[in-house]
Amino acid sequence: MTQRVIEMPDLGMGTFRLEGDTAYNSVKMALEVGFRHIDTAQIYGNEEQVGQAIKDSNIPRSEIFLTTKVWNNKLNKTDFIASVEKSLEKLQVDSVDLLLIHWPAPSNDEPM
């Protein structure tokens, strides 16, 4: 795992409930007007559109702070790694800047 020192922008664009062209166009416009933090999650179902908008923006990836989240039923090692790899593929990136467990509620299946 590569580590780098980065600053998280004070203001970010969340993508909850944005789908399809709306997700793509919203993220692309946010980047065009100066947003540099984009927040998405697997459960939102829009990582592909977010990734394509980032790619099409032609803004260097190093200038964009990207957050995604792993759903809380993917906490065992195998599922977690597979989930992260799938997000990276959909987002068309090698890494994200912040990876969160989405809604980290304990369950009977996996200890926190």
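Quick note: the sequence shown, position 56, residue 220 per the working numbering, numbers continuous. We put the beta carbon where it would ideally sit given N, CA and C, even for glycine. Source: prediction; values computed, not measured.
Nearest neighbour of Ala-269 by Cα position, chosen from Ile-223, Ile-202, Val-234, turns out to be Val-234. At a Cβ-Cβ threshold of 9 Å, Ala-194 and Ile-202 count as neighbours. Beta-bridge analysis with DSSP links Phe-229 to His-201. When the five nearest sequence neighbours on each side are left out, the beta carbons in the same chain lying within less than 8 Å of the beta carbon of Ile-218 are those of Val-191, Leu-195, Ile-202, Arg-225, Ile-228, Leu-230, Leu-255, Gln-256, Val-257, in order along the chain. In the three-state scheme derived from DSSP, where H, G and I count as helix and E and B as strand, Met-172 is classed as coil.
Assignment of beta-bridge partners to Leu-182 by DSSP yields no partner. In terms of Cβ geometry, Gly-184 and Asn-210 form a close pair [threshold 9 Å].
Taking a 10 Å sphere around the C-beta of Leu-182, we find 16 or more other C-beta atoms and assign the residue as buried. For Val-234, DSSP records a beta bridge to Ile-265. Going by beta carbons, Leu-263 and Val-248 fall inside the 9 Å limit.
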